[in-house]
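Participant: In the working numbering, the protein residues as written are 5 to 453.
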């Protein structure tokens with residue numbers, strides 16, 4: 005505790021109280037007693053508060069400015085109560101922060117089944133398949149998936165206004181189970197009419213101003229949808245329904261047109277005879293659709309799926325919901341051993357990640373290769389060789405300098421190895437021969453034992 009009669013500040017441990025206009029040289033005996041009681045009480049209180057505040061990972065030193073005291077209704081006549089009320093508020097705030105951080109750290113990792121129970125497929129009410137989708141989607145679920153759903157879970161299908169009438173999204177329940185947020189995976193469905201017109205404006209240099217889409221291309225349309233979802237960064241998957249029906253009509257039209265040309269006639273492209281072709285007002289080949297799909301995938305990383313009916317669409321939606329529920333688990337497993345399809349702990353050790361840009365991980369991989377010649381009982385041998393020959397190329401060049409296999413087999417025999425018991429030993433001819441055969445043998449039946 006530090007006090008000075010010539011200054012206007014009272015410092016108790018790390019707590020500094022500034023008093024505006026308080027002159028200790030002019031204060032009365034009552035004021036001095038009051039300041040002394042403030043010091044003793046604050047010192048005793050600070051001893052009890054010190055451990056609690058430090059455990060809450062917040063700073064123990066607080067500066068009480070005159071402005072803060074005025075906001076709290078502080079008065080120079082009752083300084084102790086003002087300080088205690090301020091510290092109580094700080095303590096409450098610290099406890100709240102500690103509880104929030106503890107909740108975040110101890111948050112339970114949900115299983116894919118628990119995540120799937122909170123997923124809801126959402127479709128715009130204006131979608132042409134909105135009325136048929138619930139029943140068809142329910143029929144795609146397995147008995148296990150149906151039994152997973154409980155009464156407290158949100159519905160598996162729901163209608164909600166979307167950024168476009170042909171968008172299918174996925175709502176995912178938050179951790180507090182009271183709110184839901186839109187997932188980043190989005191399906192963009194197209195009819196043959198709209199998709200063919202977008203493909204026409206994508207592959208042709210001179211786009212057509214259609215009534216439905218204007219002069220937009222397939223890439224422009226995807227960009228517009230992504231902008232409408234901002235600030236959410238979405239991953240779009242394009243789904244085209246009944247596209248095969250378009251190509252069937254196109255093939256039938258080309259056959260009839262060929263027959264008509266043999267008679268010096270032209271086949272009329274009527275909506276009555278060719279409802280899909282007549283509505284599209286343009287003819288697009290399969291190769292042009294493929295080119296547009298490749299361009300969309302290369303430039304925007306968007307895949308295109310062609311489906312024949314609503315049942316296939318419902319199956320795809322159900323598959324996406326399952327993939328979303330397994331996404332967090334796959335990411336967690338991929339960070340463990342790079343094999344997200346394997347459960348955690350299936351592998352004896354983690355793999356080695358190689359960075360082609362700076363070669364990071366190559367030294368560890370070289371040690372792992374050498375370790376196969378020594379096993380777990382003698383890892384120091386692999387470490388000694390890796391220090392002497394940092395890369396396989398260094399060791400192979402050393403072998404090439406020798407003129408016989410007998411000398412090559414004994415190259416590493418006299419290599420000094422520092423063991424875990426802190427003494428030196430020779431690597432030995434047996435291990436030297438094993439390493440040589442492991443790196444140079446062309447016998448497919450050779451086994452490193």
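Quick reminder that beta carbons are idealized off the backbone N, C-alpha and C, glycines included.
Looking only at C-alpha atoms, which of 441, 420, 397 and 163 sits nearest to residue 411?
Facilitator: Nearest C-alpha to residue 411: 441.
Participant: Going by beta carbon distance, what residues of the same chain come within less than 8 Å of residue 197, once the five residues before and after it are set aside?
Facilitator: Excluding residues within five positions, the ones whose Cβ falls inside 8 Å are 216, 280, 283 and 284.
Participant: In the DSSP assignment, find the unbroken beta strand (DSSP E) run with residue 203 in it and report its ends.
Facilitator: Looking at the DSSP string, residue 203 is not in any beta strand (DSSP E); the run it does join, the alpha helix (DSSP H), is 196–207.
Participant: How should residue 390 be labelled, buried or exposed, when 16 other C-beta atoms within 10 angstroms of its C-beta is the threshold for buried?
Facilitator: Its Cβ being crowded by 16 or more others within 10 Å, residue 390 is buried.
Participant: Are the region 182–201 and the region 141–150 in contact at 8 Å, needing three or more beta carbon pairs?
Facilitator: Verdict: no, contact absent.
Participant: Measure how close the beta-carbons of residue 169 and residue 131 come, nearest whole angstrom, since I'm counting them as under 8 Å.
Facilitator: About 6 Å separates the two Cβ atoms, so the contact holds.
Participant: Using the rule of at least 16 other Cβ atoms within 10 Å of the residue's Cβ for burial, across every protein chain shown, is residue 399 buried or exposed?
Facilitator: Answer is buried; the Cβ neighbour count reaches 16.
Participant: Grab the span of the beta strand (DSSP E) containing residue 294 for me, first residue to last.
Facilitator: Segment 290–304 is the alpha helix (DSSP H) holding residue 294; no beta strand (DSSP E) there.
Participant: What residue range is occupied by the uninterrupted beta strand (DSSP E) comprising residue 216?
Facilitator: Neither: residue 216 is in no beta strand (DSSP E) and is coded neither H nor E.
Participant: Tell me the start and end of each unbroken beta strand (DSSP E) in the region 370–422 that is at least 3 residues and wholly inside, in chain order.
Facilitator: You should have 420–422.
Participant: How long is the line joining the alpha carbons of residue 61 and residue 426, rounded to whole angstroms?
Facilitator: Here the model assigns residue 61 a pLDDT of 39, short of 50, so the residue's position is not dependable, and the following value carries that caveat. Rounded to whole angstroms, residue 61 to residue 426 spans 42 Å at the Cα level.
Participant: Kindly indicate which three-state DSSP category residue 439 falls into: helix, strand or coil?
Facilitator: The answer is helix: DSSP assigns residue 439 an H, G or I state.
Participant: Would you grab the beta carbon distance between residue 366 and residue 374 for me? Rounded to a whole angstrom, and I think it's under 8 Å.
Facilitator: In fact, because the Cβ distance is near 13 Å, the residues do not count as touching under 8 Å.
Participant: Per DSSP, what are the beta-bridge partners of residue 189 in this structure?
Facilitator: 239, per the DSSP bridge assignment.
Participant: Measure the CB-CB distance between residue 419 and residue 388 and report whether it falls below 8 Å.
Facilitator: Yes, the Cβ-Cβ distance between residue 419 and residue 388 is below 8 Å.
Participant: Note down, in chain order, each residue of its chain lying with its Cβ closer than 6 Å to the Cβ of residue 129, except the 5 sequence neighbours on either side.
Facilitator: Same-chain partners within the cutoff: 163.
Participant: Across which residues does DSSP place residue 311 in a beta bridge pair?
Facilitator: According to DSSP, residue 311 bridges with 245.
Participant: Let me make sure I understand the geometry here. Which of 447, 383 and 309 has the alpha-carbon closest to that of residue 422?
Facilitator: The shortest Cα separation from residue 422 among 447, 383 and 309 belongs to 383.
Participant: Quickly, what does DSSP pair residue 172 with across the bridge? List them, please.
Facilitator: Beta-bridge pairing links residue 172 to 127 and 191.
Participant: Looking at the secondary structure, which residues open and close the alpha helix (DSSP H) in which residue 224 lies?
Facilitator: That run of the alpha helix (DSSP H) goes 222–233.
Participant: Quick one: grab the DSSP three-state call for residue 251.
Facilitator: Of the three classes helix, strand and coil, the one that applies to residue 251 here is helix, per DSSP.
Participant: Tell me, to the nearest whole angstrom, how far the beta carbon of residue 417 is from that of residue 445; I am working on the premise that it is less than 8 Å.
Facilitator: Contact doesn't hold; Cβ gap of about 18 Å is too wide.
Participant: Distance, Cα to Cα, residue 243 vs residue 223?
Facilitator: Cα to Cα, residue 243 sits roughly 14 Å from residue 223.
Participant: Rounded to a whole number of angstroms, what is the C-alpha to C-alpha distance between residue 324 and residue 335?
Facilitator: Approximately 16 Å, taken between the alpha carbons.
Participant: Quick check: what's the CA-CA separation for residue 395 versus residue 428?
Facilitator: Each residue's Cα considered, the two are about 23 Å apart.
Participant: Count the other CB atoms within 10 Å of the CB of residue 121; is the residue buried (16 or more) or exposed (fewer)?
Facilitator: Residue 121 is buried by the Cβ-count criterion.
Participant: With a Cβ-Cβ cutoff of 8 Å, do residue 397 and residue 116 count as a contact?
Facilitator: The answer is no: Cβ separation not under 8 Å.
Participant: Do the CB positions of residue 202 and residue 221 come within less than 8 Å of each other?
Facilitator: Yes, Cβ-Cβ distance for residue 202 and residue 221 is below 8 Å.
Participant: For residue 295, which residues from the same chain have a beta carbon less than 6 Å from its beta carbon, with the 5 sequence-adjacent residues on both sides left out?
Facilitator: The answer, listed in chain order, is 207.
Participant: Which word fits residue 219, buried or exposed, when buried means at least 16 other C-beta atoms lie within 10 angstroms of its C-beta?
Facilitator: By the neighbour-count rule (16 or more Cβ atoms within 10 Å), residue 219 is not buried but exposed.
Participant: Which residue from 443, 424, 386 and 393 puts its Cα closest to that of residue 413?
Facilitator: Of the listed residues, the one whose Cα sits closest to residue 413 is 443.
Participant: Closest to residue 320 by C-alpha separation, out of 125, 276, 381 and 118, would be which residue?
Facilitator: Nearest option by C-alpha distance: 125.
Participant: Under the three-state reduction of DSSP, which class applies to residue 324: helix, strand or coil?
Facilitator: Of the three classes helix, strand and coil, the one that applies to residue 324 here is helix, per DSSP.
Participant: Would you say residue 329 and residue 123 are within 8 Å of each other, going by their C-beta atoms?
Facilitator: Closer than 8 Å, so yes.
Participant: For residue 121, report the span of its alpha helix (DSSP H) as first-last.
Facilitator: Residues 116–121.
Participant: Could you check where the beta strand (DSSP E) with residue 162 kicks off and where it finishes?
Facilitator: 161–163 is the extent of the beta strand (DSSP E) around residue 162.
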